Amino acid sequence: MSAEAALADHQYASFIDVLTGMGLLHNVQAWHNGRVQYLDEMVQGSVEKLRQVIQIFQQWAAARGLKREDLPPHASFIPRPPKYHTASQFPELEPVFRLHFVSPQLAEKKLEKLRERVNAAAPPTVFSIVKASKCSQCNEELWKGDLLTMQANQPLCMECADLDHLVFLGSGDAALTRRATKHSSLWAVVVRFSRSRGRYERQGVLVQPKALEKAKEECLADADLRAPRQERDAERR
2 MSAEAALADH QYASFIDVLT GMGLLHNVQA WHNGRVQYLD EMVQGSVEKL
52 RQVIQIFQQW AAARGLKRED LPPHASFIPR PPKYHTASQF PELEPVFRLH
102 FVSPQLAEKK LEKLRERVNA AAPPTVFSIV KASKCSQCNE ELWKGDLLTM
152 QANQPLCMEC ADLDHLVFLG SGDAALTRRA TKHSSLWAVV VRFSRSRGRY
202 ERQGVLVQPK ALEKAKEECL ADADLRAPRQ ERDAERR
């Protein structure tokens, strides 16, 4: 059973693990990235079959003495407010997608980290477009090089996505990027499609202006501290 494999791998099993392992749910990442609005749109099988899967999953967990945790799955895309779900054609699956059964051997600290990780929304993905588009909400024309994000397969401009207050930080300085994203309570990954390579490539990130300024100050302070050390090393040589 797919739940057994998930439990052996990370000491808990979710209903999503079960559906994925059974081949009833494919490409969950499309939902995480906001390209699909409801997770159950990608679920294969009738509601009767899904009810059977739920029942078997719960019986399996009870037989092993697993602890139940109701944790929301999350989408990386952040519309307003964050959409944590899931069910449109199968409304009864709404609470079931939260099901996580946890091993009693899982330490409390690890369980707390699991709660934090599952509840934490990953950064949204923003696309630097290679051809003209239009915002589905305000109808603003978007041209090559403009930024947009997707919600339920529909493009949104930065203003409609509430991301227009962020500033762009290009790739290339890992330390600056790491610090800027650390200090920014909201940030996004910017990607652009490479036709020659046939894939999306990371261009940089969008971060809050104050976070970027703080990151620059920290990097500059580190550089000032390194300079005397480098001068001493040069003198010794």
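With the sequence shown counted from 1, adding 1 to any position gets you our numbering.
Cβ coordinates follow ideal geometry from the N, Cα and C atoms, glycine included.
These numbers come from a predicted model, not from an experiment.
Taking C-alpha positions only, leucine 143 is separated from glycine 66 by approximately 54 Å.
In the DSSP annotation of this structure, the continuous segment of the alpha helix (DSSP H) that includes leucine 20 starts and ends at 16-22.
Here histidine 101 is buried, its C-beta having at least 16 other C-beta atoms within 10 Å. Within the same chain, Leu157 and Cys161 come within 7 Å of glutamine 138 by CB-CB distance, once the 5 residues on both sides are set aside.
In this structure, DSSP gives methionine 159 a state outside helix and strand, which the three-state scheme calls coil.
Comparing C-alpha distances from alanine 133 to each of Leu170, Asp163 and Lys145 shows the shortest one belongs to Lys145. Leucine 107 and cysteine 136 have their alpha carbons spaced roughly 46 Å apart. When beta bridges are read from the DSSP output, glutamine 152 appears opposite Gln155. Excluding sequence positions up to five before and after alanine 176, its CB lies within less than 7 Å of the CB of Cys220, all in the same chain and listed in chain order.
Taken in chain order, the complete beta strand (DSSP E) segments of 3 or more residues contained in the segment 195-226 are 200-208. For lysine 68, the beta-bridge partners assigned by DSSP are Val103. Of all alpha-carbon atoms in Glu5, Leu94 and Val206, the one lying nearest the alpha-carbon of serine 172 is that of Val206.
Judged by DSSP secondary structure, serine 3 falls within the alpha helix (DSSP H) whose first and last residues are 3-11. Short of 8 Å from the beta carbon of glutamine 209, and not among the five residues preceding or following it, lie these beta carbons of its own chain, in chain order: His166, Leu167, Val168, His184, Ser185, Ser186, Leu187 and Trp188. For the pair leucine 51 and aspartate 147, the Cα-to-Cα distance works out to about 42 Å. Annotation for aspartate 18: Ser3, Ala4 and Ala7 place their beta carbon closer than 7 Å to its own, counting only its chain and skipping 5 residues before and after. Per the DSSP secondary-structure output, serine 47 pairs with nothing in a beta bridge.
Residue burial is scored here from C-beta neighbours: proline 125 has at least 16 other C-beta atoms within 10 angstroms and is therefore classed as buried. In this structure, valine 190 and arginine 203 form a Cβ contact; the two beta carbons are roughly 6 Å apart against a cut-off of 8 Å. The C-beta distance from leucine 213 to leucine 164 rounds to 15 Å, too long to meet the 8 Å contact threshold. No residue range can be given for leucine 26, since it is assigned to no alpha helix (DSSP H) and is classified by DSSP as neither H nor E.
For the options Met23, Arg99, Arg180 and Phe58, the alpha carbon positioned closest to that of lysine 215 is the one of Arg180. Rounded to the nearest angstrom, the gap between the Cα atoms of serine 197 and phenylalanine 128 is 17 Å. Distance from the CA atom of serine 195 to the CA atom of glutamine 53, rounded to whole angstroms, is 44 Å.
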